[in-house]
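Residue numbering for the sequence shown follows UniProt numbering, beginning at 1 and increasing consecutively.
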Amino acid sequence: MQITQVMCDIRTPEKDESLRLIFDNINVWNEFTNRSRIFTKLEFDAPLSTRKFTGLFRNSELTSPQGFQKEAEKAVRRVKLLINRIVNANTDEELRKVVKNLDRLSDVLCSVIDTAEFVRTVHPDQKFSQEANRIYEYLCSFMNSLNTNRELYQVLKRVMSTPSIYSQFSSEERQVALIFLRDFEKSGIHLPSSDRDKFVQLSDKIIALGRKFTHSQPSKSTKIIEVEASCLDGYSTKNGDTARLSTKPWEAQMILKLIKDENIRKEMFIASNSATKEQTDLLENLLRTRGELARLLGMDSYSHVFLIDKMIKNPDNVQTFLRTLADHHRPKALADLYLLKEAKRQEMKRKELPTVNAWDRDYYTEKVKASSTQPMIPISPYFSVGSVIQGLSRLFSKLYGISFEPSEILPGETWHDDVRKLNVIDEQEGKIGTIYCDLFNRYGKYLNAAHYTVRCSRRVDDDDSIGDIPSDIDVSEIGELATPEQGVRLHGRNGRYQLPIIVLTCDFSKPKDGKPCLLSLVEAETLFHEMGHAMHSMIGRTDFHNVSGTRCPTDFVELPSILMEHFVYSPTVLALFAKHYDTRKPIPIDLINSHLKARTQFSAMETQYQILMALLDQIYHSTLAMSPDFDTTVILANLQDTVGLFPSVPGTAWQIQFGHLFGYGAGYYSYLFCRILAGKLWKQVFEKDPLKREAGQRFRDEVLRWGGSRDPWLCVGKALQDEKIAVGDCKSVSLVGEWVDCL
Numbered sequence: 001m002q003i004t005q006v007m008c009d010i011r012t013p014e015k016d017e018s019l020r021l022i023f024d025n026i027n028v029w030n031e032f033t034n035r036s037r038i039f040t041k042l043e044f045d046a047p048l049s050t051r052k053f054t055g056l057f058r059n060s061e062l063t064s065p066q067g068f069q070k071e072a073e074k075a076v077r078r079v080k081l082l083i084n085r086i087v088n089a090n091t092d093e094e095l096r097k098v099v100k101n102l103d104r105l106s107d108v109l110c111s112v113i114d115t116a117e118f119v120r121t122v123h124p125d126q127k128f129s130q131e132a133n134r135i136y137e138y139l140c141s142f143m144n145s146l147n148t149n150r151e152l153y154q155v156l157k158r159v160m161s162t163p164s165i166y167s168q169f170s171s172e173e174r175q176v177a178l179i180f181l182r183d184f185e186k187s188g189i190h191l192p193s194s195d196r197d198k199f200v201q202l203s204d205k206i207i208a209l210g211r212k213f214t215h216s217q218p219s220k221s222t223k224i225i226e227v228e229a230s231c232l233d234g235y236s237t238k239n240g241d242t243a244r245l246s247t248k249p250w251e252a253q254m255i256l257k258l259i260k261d262e263n264i265r266k267e268m269f270i271a272s273n274s275a276t277k278e279q280t281d282l283l284e285n286l287l288r289t290r291g292e293l294a295r296l297l298g299m300d301s302y303s304h305v306f307l308i309d310k311m312i313k314n315p316d317n318v319q320t321f322l323r324t325l326a327d328h329h330r331p332k333a334l335a336d337l338y339l340l341k342e343a344k345r346q347e348m349k350r351k352e353l354p355t356v357n358a359w360d361r362d363y364y365t366e367k368v369k370a371s372s373t374q375p376m377i378p379i380s381p382y383f384s385v386g387s388v389i390q391g392l393s394r395l396f397s398k399l400y401g402i403s404f405e406p407s408e409i410l411p412g413e414t415w416h417d418d419v420r421k422l423n424v425i426d427e428q429e430g431k432i433g434t435i436y437c438d439l440f441n442r443y444g445k446y447l448n449a450a451h452y453t454v455r456c457s458r459r460v461d462d463d464d465s466i467g468d469i470p471s472d473i474d475v476s477e478i479g480e481l482a483t484p485e486q487g488v489r490l491h492g493r494n495g496r497y498q499l500p501i502i503v504l505t506c507d508f509s510k511p512k513d514g515k516p517c518l519l520s521l522v523e524a525e526t527l528f529h530e531m532g533h534a535m536h537s538m539i540g541r542t543d544f545h546n547v548s549g550t551r552c553p554t555d556f557v558e559l560p561s562i563l564m565e566h567f568v569y570s571p572t573v574l575a576l577f578a579k580h581y582d583t584r585k586p587i588p589i590d591l592i593n594s595h596l597k598a599r600t601q602f603s604a605m606e607t608q609y610q611i612l613m614a615l616l617d618q619i620y621h622s623t624l625a626m627s628p629d630f631d632t633t634v635i636l637a638n639l640q641d642t643v644g645l646f647p648s649v650p651g652t653a654w655q656i657q658f659g660h661l662f663g664y665g666a667g668y669y670s671y672l673f674c675r676i677l678a679g680k681l682w683k684q685v686f687e688k689d690p691l692k693r694e695a696g697q698r699f700r701d702e703v704l705r706w707g708g709s710r711d712p713w714l715c716v717g718k719a720l721q722d723e724k725i726a727v728g729d730c731k732s733v734s735l736v737g738e739w740v741d742c743l
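This is the structure in structure tokens:
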């Protein structure tokens, strides 16, 4: 059956209000789930008991945990057919389809892997999560084996080195081909057999060391220090004249913030930031092994390996960015530091400004905040979760012509009754995707807010699935084949597309007693942030799965989401939705300004700390990791004394608490980089009129719609209308580092 969509009126007052109420009013939500026809044009007159039961995300196989095994088997069967087709491509016609078929192969696997990753993390049923985890690990291992398939690699290289074929590729297709080539070569496929074996050994060793490093961090163990109870002002439970204090993170933080006695703060700081030789040796072994892997691949350092496909390209550019940023930003950070010195001077009753040490930072920060801020009226009554979702829909309607529409959920479609489902509707193209919102807390739920891709968009009408089947195989043995009619035809676009499906998860309190979930300013900002990722997924509907939506470099992917955070504080945007949940009165602008001022106080000091950590990450993953005298503690101390605001503290080794060194090794700079780019786009494109369609259309056309298929420098340069940035060279990097006012 051909599925066609037409232009539609995307936002009526009834749908707009129902969007808020399904999140804010549990009774309305219950009514909606039972009688969806109240809010949609579709009629569901049949009682729930007679409706068809479906599986997760309307996948009929996922009605039970065992469905993951069936999905994995189907995926592997299909992938093997695609491998056979690709490696046997000999005609120009078949060679022309190699990149497309590699992308299809990736999509087949990722459709199961991505779903399994989400389910293993979020599903409340342990049987579901365990089976999803088993399938996730199995398919990831299978995919890793494909990255070392020399036949696939050789065919791809042949295609890319044949001018008569490669010249026919679109720019998007060339980008996808390059991504596949780099993935192969990052897996050591171009190495001799003995070196490939060593590559596998080193990769396995890095994973093992990384897991051990993560589980050995001090937050998972505690020390006890004993101090005179009289010095604590009744803070801790006494045992005679002695108080026993734990270095558990929350208790250490309270001591560092609240206890006046500097000696106790110092003792707690050293105890909670110290490390054993075994812990530092473990980290240094991990970093050296990464360096060894890089050398095996013919690279100077692990940073070179990691950055080769990133926006910033190489370690020299990262150093240029961070050093330039540190120099330009330091005056702001020193201004924050001066406030702490003055507070300490006054408390110590000195004439000269004293040195503020690392154990003083939190204590005097709290002092200054307490003396400079007045008690504030709570802001959360103006940010019910439904109002924020409604506001986001109204904002996207203004900027992009896109809005949200509540959608019916079939029995079995979701993993919990709290989940809401939104259709994403474009005023020109119709439905362009689906967002499942799992926003409320529950026992055992993963706490961090996150954006999960369940299915990427891609063009499907040119798949030629029948060409995957060898002539000696009965088609009926393969199972259902995709047909050219599958997928959705979007108004104004050629071809048919599978539409993206994503999930947003948060950990907000549940509505209860007739009162909606009320968000703090930070929580509202979080929801805007995650919706920035969602819009990237919805608008970045490319022809190829591998560059769709948020499948782009890590130092570019956070730009759309961080940009969205700026909209939360705009009076013009707040007027769209920020109303008291009970009285419906709009939020006073003075109230938002006072909360913003409190939130950003000492932000320059925090940014300087982020710069230091990003530099530390780069140094740890540089050529120094292979030096005989490589010492992570000495490197950290030197950096603290040159770039940091507080003198290094002998006896500490904070680096073993830097968990991102494993998960985001050599990439910690990315958040700062995206933050500056987003700030520049906000100031130059959106700040004067954040609801202007022309601004939204420019960002959509130059950034979002490309996903990862275009050079990010060109995307940002075009959006800023700045040719110097569009070039993307070392001068461009240095310019970005100078944009300190955009942090």
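Here a beta-carbon is modelled for each residue, glycine too, at the ideal position from N, C-alpha and C. Given the structure is predicted, the values throughout are model-derived calculations rather than measurements.
- In the displayed model, N84 falls within a helix according to three-state DSSP.
- Between I86 and L102, the C-beta spacing is below 8 Å.
- Nearest neighbour of P192 by Cα position, chosen from K266, G298, F118, turns out to be G298.
- Leaving aside the five residues that flank L518 on each side, the residues in its chain whose CB is nearer than 7 Å to its CB run, in chain order, S380, P381, F383, S384, Y581.
- DSSP places P331 within a helical segment (H, G or I) once states are collapsed to three.
- Inter-residue distance for P560 and I473 is about 47 Å (C-alpha atoms, whole angstroms).
- Cβ neighbours of H536 within its own chain (closer than 7 Å, five residues either side excluded): G549, T550, P560, L704.
- Look at D729 here: in three-state DSSP terms it is coil, with no helix or strand label.
- Collapsing the DSSP output to three states places Q498 in a strand.
- Along the length of the stretch 222-268, whole beta strand (DSSP E) runs at least 3 residues long occupy 224-228, 242-246, reported in chain order.
- In the DSSP annotation of this structure, the continuous segment of the beta strand (DSSP E) that includes K421 starts and ends at 420-426.
- DSSP links L518 through a beta bridge to S384.
- Judged by DSSP secondary structure, Y436 falls outside any alpha helix (DSSP H) and instead within the beta strand (DSSP E) spanning 430-440.
- Counting the other CB atoms within 10 Å of its CB gives Y446 a total below 16, which places it among the exposed residues.
- Around the Cβ of T355, a 10 Å sphere holds fewer than 16 other Cβ atoms; the residue is exposed.
- When the Cα atoms are used, F662 and G707 turn out to be separated by approximately 26 Å.
- Per DSSP, A450 is one residue of the beta strand (DSSP E) stretching across 450-455.
- At the C-beta level, R455 and Y497 stay beyond 8 Å of one another.
- In the DSSP annotation of this structure, the continuous segment of the beta strand (DSSP E) that includes P406 starts and ends at 402-406.
- Residues of the same chain with a CB within less than 8 Å of the CB of K157, apart from the 5 flanking positions on each side, are L181 in chain order.
- Judged by beta-carbon spacing, Q601 lies within the 8 Å limit of K369, meaning their Cβ atoms are closer than that value.
- The Cβ atoms of E702 and A719 lie closer than 8 Å to each other.
- Spanning the alpha carbons of E137 and T214 requires a straight line of approximately 19 Å.
- Taken through DSSP and simplified to helix, strand or coil, D507 comes out as strand.
- S407 sits buried, since 16 or more C-beta atoms from the chains shown fall within 10 Å of its C-beta.
- Taking a contact as a CB-CB distance under 8 Å, the pair P690 and T526 does not count as one, their CB atoms being some 19 Å apart.
- Three or more pairs of CB atoms, one per stretch, sit closer than 8 Å, so the stretch 65-74 contacts the stretch 124-135.
- Distances from the CA of D464 to each of E71, E94, N27 were compared; the closest alpha carbon is that of E94.
- Its chain contains L353 as the residues whose beta carbon lies nearer than 8 Å to that of E342, once the 5 sequence neighbours on both sides are disregarded; these appear in chain order.
- Counting only residues of its own chain and dropping the five nearest sequence neighbours on each side, T115 has a CB closer than 6 Å to the CB of V454.
- In the DSSP assignment, K445 is bridged to no other residue.
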